[in-house]
Each structure stands twice: as structure tokens, then as C-alpha cells.
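Encoded as C-alpha cells, the structure appears first; notes follow it.
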Amino acid sequence: MTLLIDTYLPRYDVRSAHELEVHASADATYRAARALDISRSLPVMALFAIRGIPHFLTGKVRPSRSFTLQTALEAGFVILEESPPNFIVLGSVGRFWRPDSGMVPIAADDFYGFDTPGFAKAVMTLGVKPRDEDTSLLTTETRVHCTDPSARRKFLLYWRAIGPFSGLIRHLMLNEVKRTAEGGVR
């Protein structure tokens, strides 16, 4: 996955990676990841709700009872590459330190070359590596690169506050995928 994410964001200011063994086939794990609705996790939704307060107040985002890949795409993420059942790569551009995230719509083809000052580019991969027929390794890596020193200072200050919560969200997401792929019922 590192080589893949290097294609989109070889240089970065922050990086966060997590992995979890899943007792399910790579195909079942990928399907569970692709269909993930993280609104099933109350801690994740609480964190998203806190982060989303400015969006709701400005009317830019309507409250939703679910948070799926489609919800993320509607919020400004873009699929940069996908190869089922192995990986999906998402990207976004914004001023994430602002209360409204300052996300700007961007086409997948324009992501790599985006270098407008004052922004940050984020890439998140979700990968599934088969270990054998019934076991797979579920991984996620997030990288963020800022386009200039001013954006970097703002983002790093923001990341100091939210970085641990971002890691917690990734951990909870992986556990939800594992539970679903393994056939767990909540």
C-alpha cells in the first residue's frame, strides 16, 4: 500500500497508519469495507457530529443518519483509484483547519498536480491483503501534505488537536469492518 499511496502523495506532513487481521477472505473483507456505514459506531458519529457542527449551522451539510463512502464522496472526497478486492484510494483538498473544512471539489485527474497555496491535500487508502483463503490483513493509511508553509503551520496546529481522534476513528472503522466481514451481528 505504501507504493500505491506514494503515487498520489509521496511527500507528506503527517502520516497515520493502522492494520487489523480479519478472519475472513479478502473478498468478504473488501466488500465489508466498501459497504461500511460508520454511523453504526456511536463514538465515531459523536466525533463526526462535533466536527460537523459548523457545517450544519451554515447549512452546507444536511444531517444524515448514515455515513458511507457515498456520504464521503458527497462531502468532497474523490476516488483516486480502486481495485477490488485489494484497495481503494480516496483524496480530498481543503483547508481542514477551518471550521467548515474548506474542502474544494477536485477531479481525480487533477489531484496529483494540485499545488494552490493555502491548502492541504489528503489521501486515505483502505487495503486488503489476503493471508490465506480465510484470513486477510485490513490496512489504512492517511497522509496529508500542505501546499505552503502557512498552510502547514495551520494544519499542524489543527492536527495536534484532532490527530488522536482521527486515529481513533480509523481504529473503530477497522473494527467495524472486521466485525461485519467475520459475520458479527451488532
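Residue numbering for the sequence shown is 152 to 337, as defined by this note's numbering.
Ideal Cβ placement from N, Cα and C applies to all residues, glycine included.
In this structure, does DSSP put residue i in helix, strand or coil?
i	result
S287	strand
T331	helix
L160	coil
M394	No statement about residue 394 is possible, as the shown extent of the chain runs from 152 to 337 and does not include it.
L187	coil
G278	strand
S252	coil
A273	strand
T293	strand
G314	helix
Does residue i have its Cβ less than 9 Å from a Cβ in chain C?
i	result
T180	Looking at the structure shown, chain C is missing, and only one protein chain is on hand.
Select from the options the residue whose C-alpha is nearest the C-alpha of residue i.
i	options	result
G318	P161, E170, T222, Y159	E170
G331	A177, Y159, D157, D299	Strictly speaking, residue 331 in this sequence is Thr, with Gly absent from that position. Nearest C-alpha to T331: A177.
R311	L160, Y181, L155, V165	V165
S190	L323, G334, I230	L323
P107	A179, V244, T222	Residue 107 is absent from the model: the chain starts at 152 and stops at 337.
E327	D251, G314, L289	L289
A259	T267, I156, S252, G242	G242
L155	I239, G264, A184	I239
F262	E232, A168, T291, K280	E232
W248	T158, Y309, A175, S234	Y309
V279	L224, K329, Q221	K329
G314	P161, S167, L160	S167
D285	H174, P161, T158, Y163	H174
R282	Y181, E172, Y163, G264	E172
E225	P256, L277, L160, L325	P256
F306	S252, G334, E292, T267	S252
Starting from residue i, trace the beta strand (DSSP E) both ways and give me its first and last residue.
i	result
F238	238 to 245
L220	No beta strand (DSSP E) contains L220, which is instead part of the alpha helix (DSSP H) from 220 to 226.
A175	Per DSSP, A175 belongs to no beta strand (DSSP E) and is neither H nor E.
I230	229 to 234
Can you give me the start and stop residues for the alpha helix (DSSP H) that residue i sits inside?
i	result
A258	Here A258 belongs to no alpha helix (DSSP H), and DSSP marks it neither H nor E.
ask   = Per the contact definition of three or more C-beta pairs closer than 8 Å, is the region 290 to 299 in contact with the region 267 to 276?
value = In this structure the region 267 to 276 lies against the region 290 to 299, because at least three pairs of beta carbons, one per stretch, are closer than 8 Å.
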